[in-house]
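**Student:** Going by the working numbering, the sequence shown opens with residue 6, and the numbers climb by one from there.
Glycine included, C-beta positions come from ideal geometry on N, C-alpha and C.
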Amino acid sequence: MAAERFRVLITGSSDGLGRLAAQRLVALGHRVVLHARNAQRARDAQAAVPEAEGVLVGDLSRLEAVQQLAEAANASGPFDAVIHNAGVYRAPGDEILNVNTLAPYLLTCLIRKPRRLIYLSSGLHRGARPDLKKLAAGSIGYAESKFYVVLLAKAVARRWPDVYANAVDPGWVPTKMGGPEAPDSLEEGVATQVWLAVSDDPRAKVSGRYFYHMREVPCHPLADEVALQEAFLETCAQCTGVRFPSNPA
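(1) DSSP has D174 in a bridge; who is on the other side?
(2) DSSP state of R36, grouped into three classes?
(3) Starting from G59, trace the beta strand (DSSP E) both ways and give me its first and last residue.
(4) Since Y124 is in the beta strand (DSSP E), which residue starts that stretch and which ends it?
(5) Name the two residues that bound the continuous alpha helix (DSSP H) containing A80.
(6) Which residues mark the beginning and the end of the beta strand (DSSP E) in which R12 is found?
(7) Is the segment 231-241 touching the segment 88-101 in the sense that three or more CB pairs, one from each, lie closer than 8 Å?
(8) Within its chain, find whatever has a CB closer than 6 Å to the CB of A53; leave out the 5 residues flanking it on each side and keep chain order.
(9) Closest by CA to A77, which one among A172, G63, T113, G146?
(10) For I101, which of helix, strand or coil comes out of DSSP?
(11) When you compare only the Cα positions, how much space is there between G59 and H40?
(12) Which partner residues does H89 have in the DSSP bridge list?
(13) In whole angstroms, what is the alpha-carbon distance linking T113 and V247?
(14) If I follow the unbroken alpha helix (DSSP H) through S150, where does it start and stop?
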C-alpha cells in the first residue's frame, strides 16, 4: 500500500463491506469519512470505526438528500478517493434506481473531483438487459442497477482521464445483503476496493476496468459502448436535473 496518507469517503459504511473497508483503511493509516443513512446508523458507524474522522448522513433513496450529502462532503474538505459502496438488493425498483445508480451518478457529479473513484457492482450485472427508457420511467432491477454502475465507471474513466475510475465485483459475500450462506470471503470481498483506493501498485493505478478479487475480469460487453455511456449520462441528467461535468478541476 502507498505510504501517502489518503482521505477516503465510503458510502454505506455503517455495516457490511463498507464498514470493513473503513476499518481496513484506518488500520493502514488513512483518513476515513463514513456515511450512513440516518442518525442512528451514523452512531453505529462511528462506534464501529472510532478512528474515523466523522460520519456524513444522507438517505440515498431521496435525491434531494443525495445533493445535501454532496454539499456536506465538499464542506468537509477534499477527498483523495471515494468508494461508492452503498447499495440495496431486495427493495422496490425506484429505491434500487436511486440508491444503486442515481446516487453514485449525482455524488460523482457534485463532490469535488477526487483522484480515485471506485464503484461497487456485482457479477449479476452480466445478466442485465439495459433499457434506458425503463430507467427514465423511474424503476429498474438490481442487475440493471449494477450494470449501470459499471457503465458509469467506464464513462467517468473516459470523460475524466486524470482520475482512476474503476468498478468492482466484491463477490457473493456473507453480509446482511449477501446472506449467511454466501460462499465468498469477506476479506477478499473488501480487499479490491481498498487496494484501488490507496495503493501505489501500478496494477491499481488504471482506469475504466472491472475487477474481481484484485484481478481485472471481463464485464458486460455493452458497458464499453460509448454511445450507450453517453445516452446513460444524458438520461441520468434528465432524471436528476444535474448534468455530468466536462472535466472539473
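**Tutor:** Let me lay it out:
(1) Partner(s): Y217.
(2) For R36, the three-state secondary structure derived from DSSP is strand.
(3) Element bounds for G59: 59-62.
(4) From DSSP, the beta strand (DSSP E) with Y124 extends over 121-125.
(5) It spans 68-81 - the alpha helix (DSSP H) in which A80 sits, taken as one unbroken run.
(6) First-last of the beta strand (DSSP E) with R12: 12-15.
(7) No contact exists between the segment 88-101 and the segment 231-241.
(8) Once the five neighbours on either side are set aside, the close Cβ partners of A53 are R24.
(9) Comparing Cα positions, the closest option is G63.
(10) If DSSP states are grouped into helix, strand and coil, I101 belongs with the helices.
(11) Rounded to whole angstroms, G59 to H40 spans 8 Å at the Cα level.
(12) Paired residue(s): Y124.
(13) Cα to Cα, T113 sits roughly 11 Å from V247.
(14) Per DSSP, S150 belongs to the alpha helix (DSSP H) from 147-164.
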